[in-house]
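Residues 1 to 1187 (UniProt numbering) are what the sequence shown spells out, left to right.
We treat Cβ as the ideally placed atom computed from N, Cα and C, and that holds for glycine.
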Amino acid sequence: MESPLPPLPSVVGPYILQDLVDDLPLSTPENPNAEITCLQFWEENLYVGTSTHELLHFVSIPATPAPSASIEPPKPIYILASRPQPPPTPAATATSPYIKKILVLPTTSTALVLSSAGFLSFYTLPEFSPVSGAPKLKDVAFIGGQDLNEVEEERVAAAQGRQVNMGRGKLIVVLAKGKLRMIRIGEAARLVKDIELKARAVEAVRRNMIACISTAENYALVDVDNIRQIPLFPISSIPTSDPSSPTESGSDTSQPLSQTSGSRAGITSGSHPPRTSSLTPRERRNSSATASKESSATVHNRSSSTGSVRGQTIRQGSRGKIPTARGGKPMSKPTHLSPPSPTSSRPLSPSAGSQPSSPTAISETGLEAPSSSSKASSSAASSATPSPGSTSPTKTTPTGSKSPARTETTISKGPLIPHVASPSPSEFLLTTGTTWEDPGVGLFVNVEGDVTRGTISFERYPDDVVVQGPWVIAVIASRAIEVQRWNMDGGENNGSEERGLLEMDDNGFKLGLSEVIGLPGRVVGAAMAMLRLETLHLRPGRAPENSESPELSRRNDEERIIAERISTVGSSVVAFKGKRICALVESPLVLRLDSLLPTFKDGTPKTRIRNVLKTLRKVDAIEPTTERGFHEVSYIRQKCGMLLLGELLKLETLEGTDIQPDEIILSEEALIESAIDPRVVLAMFGGGFIEDIVLGEGGVWVYGGIKLLFDEICAQRAEWQEGYQRDILLLLKRYLAVWRRKKGFGSIAHEKEVFATVDVSLIRVLLMLDSPEYLPQKGFTIVSEGNARGELYSLVDQDVDEFEAISNLLRSFGRLYVLSILLQNRKMYREVLVTWKRILEEGDTAGEFEDGEEKVRNYLLKLKDRSLVEEFGKWLAARNPKLGTQVFSDNKAKAKFEPEKVLEILKEHAPTAVRVYVSQLVENGNTKYANDLILLYLDDLVKVLWEFPSASERLKDSYESYRALTSPKPTYREFIADNSLPPVETDGAGDTLETNWWHNRLRFLELLSSESPYDVSKIFGSLVKFREVLVPEMVILYGKEGRHEDAIRLLTHGLKDFDTAINYCLFGGLSIFQTREIIINRDEQKTLFSVLLGEFLKLEDYQERMEQTRNLLERFGGWVDVTHVLQVVPDNWSVEMLSGFLMSALRGLVKEKAEASVMKNLRRSEILRVEANYVARCDDIGPTIER
1 MESPLPPLPS VVGPYILQDL VDDLPLSTPE NPNAEITCLQ FWEENLYVGT STHELLHFVS
61 IPATPAPSAS IEPPKPIYIL ASRPQPPPTP AATATSPYIK KILVLPTTST ALVLSSAGFL
121 SFYTLPEFSP VSGAPKLKDV AFIGGQDLNE VEEERVAAAQ GRQVNMGRGK LIVVLAKGKL
181 RMIRIGEAAR LVKDIELKAR AVEAVRRNMI ACISTAENYA LVDVDNIRQI PLFPISSIPT
241 SDPSSPTESG SDTSQPLSQT SGSRAGITSG SHPPRTSSLT PRERRNSSAT ASKESSATVH
301 NRSSSTGSVR GQTIRQGSRG KIPTARGGKP MSKPTHLSPP SPTSSRPLSP SAGSQPSSPT
361 AISETGLEAP SSSSKASSSA ASSATPSPGS TSPTKTTPTG SKSPARTETT ISKGPLIPHV
421 ASPSPSEFLL TTGTTWEDPG VGLFVNVEGD VTRGTISFER YPDDVVVQGP WVIAVIASRA
481 IEVQRWNMDG GENNGSEERG LLEMDDNGFK LGLSEVIGLP GRVVGAAMAM LRLETLHLRP
541 GRAPENSESP ELSRRNDEER IIAERISTVG SSVVAFKGKR ICALVESPLV LRLDSLLPTF
601 KDGTPKTRIR NVLKTLRKVD AIEPTTERGF HEVSYIRQKC GMLLLGELLK LETLEGTDIQ
661 PDEIILSEEA LIESAIDPRV VLAMFGGGFI EDIVLGEGGV WVYGGIKLLF DEICAQRAEW
721 QEGYQRDILL LLKRYLAVWR RKKGFGSIAH EKEVFATVDV SLIRVLLMLD SPEYLPQKGF
781 TIVSEGNARG ELYSLVDQDV DEFEAISNLL RSFGRLYVLS ILLQNRKMYR EVLVTWKRIL
841 EEGDTAGEFE DGEEKVRNYL LKLKDRSLVE EFGKWLAARN PKLGTQVFSD NKAKAKFEPE
901 KVLEILKEHA PTAVRVYVSQ LVENGNTKYA NDLILLYLDD LVKVLWEFPS ASERLKDSYE
961 SYRALTSPKP TYREFIADNS LPPVETDGAG DTLETNWWHN RLRFLELLSS ESPYDVSKIF
1021 GSLVKFREVL VPEMVILYGK EGRHEDAIRL LTHGLKDFDT AINYCLFGGL SIFQTREIII
1081 NRDEQKTLFS VLLGEFLKLE DYQERMEQTR NLLERFGGWV DVTHVLQVVP DNWSVEMLSG
1141 FLMSALRGLV KEKAEASVMK NLRRSEILRV EANYVARCDD IGPTIER
């Protein structure tokens, strides 16, 4: 169950008040208005001194446990255990006595109680019974003065669980009868040393053997060992002769310490130089400003002036001065502690003519105001708290108050009371001022009496002062608590405010402080609520009922215990007012920093973002060293990151907001450094990102404060515009990319669910950035961006979690190609091919699958799974025969198929691809399928001629067009190739007969003229019916059968392709489309040329006949016989027409005759050379004799 945070001030100060007891039962029928004047805690015991001179002993009992969902810790319950006998009182006093101070010494199990009448009594701990036989001391003004160094050592030892040997007892200071008495409290009280003082001292604080004491007017240092005194400066800068600041009369105060001698020689040893304390306030401040600063350890100490509030009075008049801030600068306007106006309903100073309603006057000073009558008496030295003056006007409760009417006495004028504290082992803090209404000043002096650091200021002169670590706590105007740092040069700000102001209920009583030693740590409810881990429902809608499982209940209890522990703050100072007691608890860092953060309603988005970034800079300077500090810093970082993201998400556009790119980058860095669960960030974006969130059994646990902020942002999300700014999506992309790089780190809680969510959401962001909805904003972003599509491809090609979710996401965006990349990464080959098939059949709207069929072909070539290759190869072959058949015919294919098996598959599933496949086989050198290929082309060609008469007409037209050309003209092969239309690309059924039959015919002609063997007779039989329109085909077939005369006749008369006819005679079938044999026999060439000559002479056109014949004879006359030419040439042709041929023939005859003569002579020479060689050889051998 959700619990709201308690209301906090706009900025939380260094300390907060936490109720301990609202209404302590002090009153009796005889004294209904009794109030607390002093108190002390020890273990489970509360010891209280009252204004009616009573001692009350309370014992705490366990409080009723708070509900598990409660953020406020239960208040302790105190029950009255006893009313110990108070110290004795004089038989007759002018004022009613009260309990002034309770000093508890746990190490000796002793308590000392001081009465305002000056009587000191001893009690035992913890029952608080009077010690039998203990001495009865009178005329005591002060008790305390423990060695603070020793107290700090005991505190450290207790924190570490060590025991401190206190066998000698505790040495304390008692101020009585003008003496400083050192008394050791052990099994009995024993006087150790008496030091005579020249004036009545009322306070003392001790460090080792150096005590800082004060009288009613001056401060001094006392060396207890050497019995030396160092006078310092007066409490008030107003001279004692000033009537506005009357001093105490009587012999004990007529000579203050600062004026007992003009030199320190009469008081101290000669080792110390003389010192004067007659500095004016301005001189003291100047001296303070120039004093050297020395470092000191921060410790928890108290002022010895925290004894009571019973004798306090309210000053009648007010000077109306505006309080000054640190450094003496006047404040811009009066504060609520300024003197009230005459029209105030509750004035601080009623008229001087009012009469007191009780015998005892209450002053602001914390001590009874001195009176001349009491000091003139010979017994004035018996008490350090003189009786009040005679004029004590009353003060009434405000109208409408439900508390009973109670009067307060005031005094028209009263001196300032001294305050002494010790912030460090070598320093004392002393207060000075002028009047109660004017600001007070705190000065720091060391054990030598030198001012050590700059001064601090109080809004008004304080009624009480306590030092706690780096903080000075003061009661101002008897109703407020001012807190400020004293070690401004300590360098440990931690992002906190330097000052704080606290007020308790104005119930008509005075406010007092007391440092206690046995107060247990206090749980700060607001901090606990912020830092307690709670389950967060990331998806909209009400949380499921009955979801409080035993496991969840156990976890909630554990988190509550942890939150209580880290939200527990130690406290050693309490504030009391009337019957109410509050612990003064140092504000947890998380509260102070959280109060600095803006809400969504403060200022403009730009100012809110900058304020959050400013707070983050303070957090960056903090190095947590404790568990609580770690959680506090983590919480603030997470809240800052969420606030920054919330601001950016709310903006409809970044234009006009003056938000700079570096601020977006800083916001992104803040979100990353916050280490908040990315699922929470994605839930803030809402929309489809919520669907991407993967939740484990334990759910998502966040700090309670983060949960409240998340709920607030989600409640406002309905008011935001739909969609996102591209800059914000880019921010989310970078954020998720950083988180994804953390995969594998052992420190990530719920790693599986977190990174599964990150993977899916990162892909969603990239898909959105690459979608038509957001692409128009590309190039107009404040922060530069990269290639979203490339990043998407790279991401899905890696190992990503939540495969099913990502697959469905990609399908929902229609990004099937990206899905195929994901499937390839998972080696899901079939699914890849199915996806690609779907893209090719349904269309690639994203334009990602360019050359898709070729990619399918290449992918199939790499697969070894024959069934997959066969299934999708035949599909691709039916769609694109050229690429599909390469799957089966390419030598690089991993899956091998026999051609017969492939032909069987293709004939059944992709008939149009059969011819292409067989053609690839033939091209790859498998000539055994050439006949099949030719027959396939033949079937297509015959089918076209039968089914489409226009095809025959086109062939005839092409012949007519070619024959009509005049020489010189290209060959018919070149003519039909140049005048053919480009092939028609088809998208599913392969080439169509009607559209691409012409190109198929060209390929058919190439196959016919190839050297591959095929059944010529069968083909001839199929084509003979179309010999009139398939002239080139018949030429090739005639050549294959050796019917050269028929081939030449078709070329000459059917096509009139004279150049091809001449080539035919020279090279046989190569002259047109390449035949099986290449004719190289010259005799055969002569025969073919003779046939060609005869066909040329048969041309119908006379001019053409003469031109072609003359051209043939002039160019190739050497291949024909002259006699034959003269026989076949018409007689009516003139010699001139054949002159070229005849001249060539005669030159040939002459050439042949000359060549024959040369050959004859060469032969003769050869014979002669052989004969000469024979003769020479015979001579060499010589004659032989045969017997």
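Exposure label - G1039; buried when at least 16 CB within 10 Å
Sequence index remark: in the sequence shown, residue 1039 carries index 1039 (1-based). Under this definition G1039 is a buried residue.
Neighbourhood of A157 by C-beta distance below 8 Å, restricted to the same chain and skipping five residues each side:
Within the sequence shown, the letter at position 157 stands for residue 157. By the criterion of a C-beta distance shorter than 8 Å, A157 is surrounded in its chain by Q163, V164, once the five residues flanking it on both sides are discounted.
Limits of the beta strand (DSSP E) - the one that Y219 falls within:
Numbered from 1 along the sequence shown, position 219 holds the residue referred to as residue 219. In this chain, the beta strand (DSSP E) harbouring Y219 covers 218-223.
Can you tell me the Cα-Cα spacing of V21 and P74, whole angstroms?
On the sequence shown, residue 21 is found 21 positions in, with the first residue counted as 1. On the sequence shown, residue 74 is found 74 positions in, with the first residue counted as 1. Cα-Cα distance, rounded: 11 Å.
DSSP-derived helix/strand/coil call for A117:
Here residue 117 refers to the residue found at position 117 when the sequence shown is read from its first residue. In the structure shown, A117 adopts coil according to DSSP, grouped into three states.
Measure the CB-CB distance between V472 and G500 and report whether it falls below 7 Å.
For the purposes of this step, residue 472 is taken as residue 472 along the sequence shown, with counting starting at 1. For the purposes of this step, residue 500 is taken as residue 500 along the sequence shown, with counting starting at 1. G500 is positioned such that its CB atom lies no closer than 7 Å to that of V472.
Could you tell me which residues DSSP pairs with L429 in its beta bridges?
Looking up residue 429 in the sequence shown gives position 429. DSSP lists A421, F444 as partners of L429.
Residues of its chain near L105, where Cβ-Cβ distance is below 6 Å and the 5 sequence neighbours each way are ignored:
Along the sequence shown, one-based indexing puts residue 105 at 105. K170, I185.
To the nearest angstrom, how far is the alpha carbon of L26 from that of A527?
In the sequence shown, the residue the question calls residue 26 occupies position 26. In the sequence shown, the residue the question calls residue 527 occupies position 527. Taking the straight line from one Cα to the other gives about 32 Å.
Judging by CA-CA distance, which residue of G1068, D1083, Q1103, F1058 is the nearest neighbour of L1093?
The count along the sequence shown starts at 1 and reaches residue 1093 at position 1093. Of the listed residues, the one whose Cα sits closest to L1093 is F1058.
Residue environment, S794, which counts as buried when at least 16 other CB atoms sit within 10 Å:
Within the sequence shown, numbered from 1, the residue matching residue 794 stands at position 794. Exposed, by the Cβ-count rule.
Does DSSP put R453 in a helix, in a strand, or in coil?
Stepping through the sequence shown from its first residue, residue 453 is reached at position 453. Coil.
N-terminal and C-terminal residue of the alpha helix (DSSP H) that E691 is part of
Stepping through the sequence shown from its first residue, residue 691 is reached at position 691. Counted as a single uninterrupted DSSP element, the alpha helix (DSSP H) harbouring E691 occupies residues 688-692.
In whole angstroms, what separates the C-alpha of I728 from that of V754?
As a first step, residue 728 must be located in the sequence shown, where it is residue number 728. As a first step, residue 754 must be located in the sequence shown, where it is residue number 754. Cα to Cα, the separation comes out at about 21 Å.
In this structure, how does DSSP classify residue 1196 when only helix, strand and coil are distinguished?
Because the chain here runs from 1 to 1187, residue 1196 falls outside it and cannot be looked at.
Looking only at DSSP bridge pairs, what is W471 linked to?
The residue you call residue 471 lines up with position 471 of the sequence shown. W471 is bridged by DSSP to Q468, R485.
Helix, strand or coil at E551 according to DSSP, with G and I counted as helix:
Along the sequence shown, read from residue 1 onward, the residue named residue 551 stands at position 551. E551: helix per DSSP, three-state reduction.
Just verifying my parser: in three-state terms, what is the DSSP assignment at L538?
Position 538 of the sequence shown, counted from the first residue, corresponds to residue 538. L538: coil per DSSP, three-state reduction.
Would you please state the rounded distance, in angstroms, between the beta carbons of A211 and V222? I believe it to be under 8 Å.
Counted from its first residue, the sequence shown places residue 211 at position 211. Counted from its first residue, the sequence shown places residue 222 at position 222. Cβ-Cβ separation between A211 and V222: approximately 5 Å, consistent with a contact (criterion under 8 Å).
Count the other CB atoms, across all protein chains shown, that sit within 10 Å of the CB of E1155; report buried if there are 16 or more and exposed otherwise.
As a position in the sequence shown, residue 1155 is number 1155, starting the count at 1. Here E1155 is exposed: its Cβ has fewer than 16 other Cβ atoms, across all protein chains shown, within 10 Å.
Spatially closest choice to N507 from D1180, I581, G518, by CA coordinates:
Start at 1 with the first residue of the sequence shown, and residue 507 comes out as number 507. The residue with the shortest Cα to Cα distance from N507 is I581.
Using DSSP with H/G/I as helix, E/B as strand and the rest coil, what is H1044?
To locate residue 1044, count along the sequence shown from 1; it is residue 1044. When DSSP states are grouped into helix, strand and coil, H1044 belongs to the helix group.
Does the distance from the CB of I821 to the CB of V796 come in under 7 Å?
The residue given as residue 821 occupies position 821 in the sequence shown. The residue given as residue 796 occupies position 796 in the sequence shown. A Cβ-Cβ contact shorter than 7 Å links I821 with V796.
With DSSP as the reference, label F1067 as helix, strand or coil.
Taking the sequence shown and counting its residues from 1, the one referred to as residue 1067 is at position 1067. Correct three-state label for F1067: helix.
Pull up the distance between the alpha-carbon of P330 and that of G145, whole angstroms please.
Counting from one through the sequence shown, the residue named residue 330 turns up at place 330. Counting from one through the sequence shown, the residue named residue 145 turns up at place 145. Low per-residue confidence applies at P330: pLDDT is 40, beneath 50, and the placement is therefore not dependable, though the value from the model is reported in the following sentence. Cα-Cα distance, rounded: 37 Å.
Quick one: what does DSSP say H909 is sitting in, helix, strand or coil?
The sequence position of residue 909 within the sequence shown is 909, counting from 1. Of the three classes helix, strand and coil, the one that applies to H909 here is helix, per DSSP.
Classify N226: buried if its beta carbon has 16 or more other beta carbons within 10 angstroms, exposed otherwise.
Taking the first residue of the sequence shown as 1, we reach residue 226 at position 226. Its Cβ having fewer than 16 others within 10 Å, N226 is exposed.
On a CA-only basis, which of L538, K577, L613, L775 is nearest D692? Give me that one, please.
Within the sequence shown, numbered from 1, the residue matching residue 692 stands at position 692. Checking every option, the nearest Cα to that of D692 belongs to L538.
Less than 6 Å between the CB of I821 and some heavy atom of the ligand MN, yes or no?
Questions concerning the ligand MN fall outside what the structure shown contains, since it holds no ligand whatsoever.
With distances taken Cα to Cα, identify the nearest neighbour of L654 among T781, I763, A583.
For the purposes of this step, residue 654 is taken as the residue at position 654 of the sequence shown. In terms of CA proximity to L654, T781 leads the group T781, I763, A583.
Give the range of the alpha helix (DSSP H) segment to which S1157 is assigned.
Walking along the sequence shown from the start, residue 1157 turns up at place 1157. Looking at the DSSP string, the run of the alpha helix (DSSP H) that includes S1157 is 1139-1181.
Using a Cβ-Cβ cutoff of less than 6 Å, which residues in the same chain neighbour residue 1208 once the five nearest sequence positions on both sides are dropped?
The displayed coordinates of the chain run from 1 to 1187. Any statement about residue 1208 would go beyond what the structure contains.
Any contact of the segment 963-980 with the segment 884-900, i.e. 3+ C-beta pairs under 8 Å?
When C-beta atoms of the segment 963-980 are compared with those of the segment 884-900, fewer than three pairs fall below 8 Å, so the two segments do not count as touching.
Ordered list of alpha helix (DSSP H) runs contained in the segment 1099-1140, each at least 4 residues:
For the segment 1099-1140, whole alpha helix (DSSP H) runs of length 4 or above, ordered along the chain, are 1102-1116, 1122-1128.
On a Cα-Cα basis, can you pick out the residue from F122, Y1174, V140, L24 that is closest to G133?
For this step, residue 133 is matched to residue 133 along the sequence shown. Minimum Cα distance to G133 is reached at F122.
Going by DSSP, what residue range makes up the beta strand (DSSP E) through P234?
As a first step, residue 234 is located in the sequence shown; it is residue number 234 there, counting from the start. 228-234 is the span of the beta strand (DSSP E), which, as asked, contains P234.
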